[in-house]
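Asker:
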Amino acid sequence: MAPYISPRSFLTFNSYHNAQRNIRFAPVAKRIKERMTPLLFTLSAYLSRIKVLVLESTWQHDSAVDCNAQIDVVTTAMLRGVPACDLKTLHYMWLFLLWLLNTLISRPTYAGTIERTFRGWTADPLDRSSLARILVFGNLPAIKKMLNCRDYVERRKWAQGFLKSLEPEQSIKWAEHWQALDVGLDLLPSENQAKQAVKVDLHMQSLWTQGAQAVFEELGEESALLEDEKKPSANNTVRLLADLAGYDLFHASIPPDYEEDDQGGSSIRGSSLDQTQIGSLSR
């Protein structure tokens, strides 16, 4: 007869092992956070620059065509200034943001028709141009907002409301919403600029991807992106986290000397982007 284990004992045992696992993983989490932060600052500066470019393009005759072409130029020029040793990790970080955004705003696929109807998951996902505008205008705080939403319905409602809040024809407080995007650091767009900006047909491919491919090809055949490195995916997310952690954290245990090695520093890609380089991206 099997020995009886009370639920309280099981929960205590399970909590103990979870706590021990968290303690062991703490240095890994610390290293990932420290090395991810400059990457996020760089991408945030890039998105801010693209936002300014979109607003400036609204004065042109064919703003959509001109804007997407200029985004390619700006992206290529920016990435040429990034050290080659950091470029691939920075690219993976961008793919991670796209993968996260797509995951957040995509309709759940695991539920059947009845469950989707019952839960209100019947609305179609936003088109890719709308996602691009959310990313450019909302920057990283927009992704954080959606992460805090409970489910697909709430995230989609927030995303639609966010875009409408920037449109003068939809919101009387449009100027306040534009000002809140960058805590008032940027000049406010005119009413006409705001009207045109929220209607620009931004191409998701023009954001980063095409410029990145061009720069990687310039670095030589060995540096050129593979097909699976051109699109966001779970595999590329795993690569990013393993690169930042310094070991294959999904298939290997934490190295015994990990904490000491972390204190001593490492030259892993993604750690050498300094504040001077980050600041230059916004100019």
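Residue 1 is where the sequence shown starts when you use the numbering used here, and the numbers rise one by one after that.
Backbone N, C-alpha and C define an ideal beta-carbon position, used for all residues, glycine too.
How big is the Cα-Cα spacing for Phe137 and Thr103?
Answerer: Those two C-alpha atoms are separated by around 19 angstroms.
Asker: In terms of residues, what are the limits of the alpha helix (DSSP H) holding Cys85?
Answerer: From DSSP, the alpha helix (DSSP H) with Cys85 extends over Ala84 to Ile105.
Asker: Tell me which residue opens and which closes the alpha helix (DSSP H) that Lys164 is part of.
Answerer: Tyr152 to Ser165 is the extent of the alpha helix (DSSP H) around Lys164.
Asker: If I'm right that Ser48 touches Asn139 with Cβ under 8 angstroms, what's the distance once you round it to whole angstroms?
Answerer: About 7 angstroms; that satisfies the 8 angstroms criterion.
Asker: Kindly indicate which three-state DSSP category Tyr46 falls into: helix, strand or coil?
Answerer: Looking at Tyr46 - three-state DSSP - the assignment turns out to be helix.
Asker: Thinking just about the alpha-carbon of each residue, which of Asp243, Val200 and His251 is nearest to the one in Ala69?
Answerer: Nearest option by C-alpha distance: Val200.
Asker: For Leu219 and Ile71, what's the separation of their Cα atoms in angstroms?
Answerer: If I take the Cα positions, the gap works out to 21 angstroms.
Asker: Which same chain residues end up closer than 6 angstroms to Ser165 when comparing Cβ atoms and leaving out the 5 residues on each side of it in sequence?
Answerer: The residues are Ser171 and His177.
Asker: Take Glu229 as the anchor and find which of Arg133, Ser129 and Trp99 has the nearest alpha-carbon.
Answerer: Looking at the Cα atoms, Trp99 is the closest of the given residues.
Asker: In whole angstroms, give me the CA-to-CA distance for Ile143 and Ile254.
Answerer: Between Ile143 and Ile254, the C-alpha separation is close to 30 angstroms.
Asker: For the candidate residues Lys51, Arg24, Leu79 and Leu188, whose alpha-carbon lies nearest to that of Gln210?
Answerer: Here the closest residue by C-alpha is Leu79.
Asker: Excluding sequence positions up to five away, which residues of its chain have a Cβ less than 8 angstroms from the Cβ of Leu240?
Answerer: Correct list, in chain order: Thr89, Tyr92, Met93, Leu95 and Phe96.
Asker: Determine the contact status of Leu249 and Met36, defining contact as a CB-CB distance below 7 angstroms.
Answerer: No; because the gap between Cβ atoms is not below 7 angstroms, this pair is not in contact.
Asker: Could you give the distance in angstroms between the alpha-carbon of Ala242 and the alpha-carbon of Arg156?
Answerer: C-alpha separation (whole angstroms): 31 angstroms.
Asker: Just the C-alpha distance for Ser280 and Ser206, rounded to the nearest angstrom, thanks.
Answerer: Because the pLDDT at Ser280 is just 44, under 50, the model does not fix this residue reliably, and the value given afterwards should be weighed accordingly. The straight-line gap from Cα to Cα measures roughly 21 angstroms.
Asker: For the alpha helix (DSSP H) that Thr209 lies in, which residues bound it at each end?
Answerer: Taken as a continuous stretch (DSSP letters only), the alpha helix (DSSP H) holding Thr209 covers Thr209 to Glu218.
Asker: Do Leu55 and Ala197 have their C-beta atoms within less than 7 angstroms of each other?
Answerer: Yes, the pair counts as a contact, with Cβ atoms nearer than the cut-off.
Asker: Does Ile50 pass the burial test, meaning 16 or more other C-beta atoms within 10 Å, or should it be called exposed?
Answerer: Buried, by the Cβ-count rule.
Asker: Skipping 5 residues on each side, what residues in its chain have a beta carbon closer than 6 angstroms to that of His203?
Answerer: If we look at His203 and ignore the five residues flanking it on each side, its Cβ neighbours are Asn68.
Asker: Spatial neighbours of Thr75 within its chain, please: CB distance less than 6 angstroms, with the 5 preceding and 5 following residues excluded, ordered by chain position.
Answerer: Counting only Cβ-Cβ distances below 6 angstroms, and skipping sequence neighbours, we find Trp208 and Gly211.
Asker: Check whether the Cβ atoms of Leu295 and Phe216 lie closer than 7 angstroms to each other.
Answerer: What the structure shows of the chain is the stretch from 1 to 283, and residue 295 is not part of that stretch, so it cannot be assessed.
Asker: Run the CB neighbour count on Asp86, radius 10 Å, all protein chains shown included, and call it buried at 16 or more, exposed below.
Answerer: Asp86 should be labelled buried.
Asker: By the 10 Å Cβ neighbour count, where 16 or more other Cβ atoms means buried, how is Ile23 classified, buried or exposed?
Answerer: When all chains shown are included, Ile23 counts as exposed.
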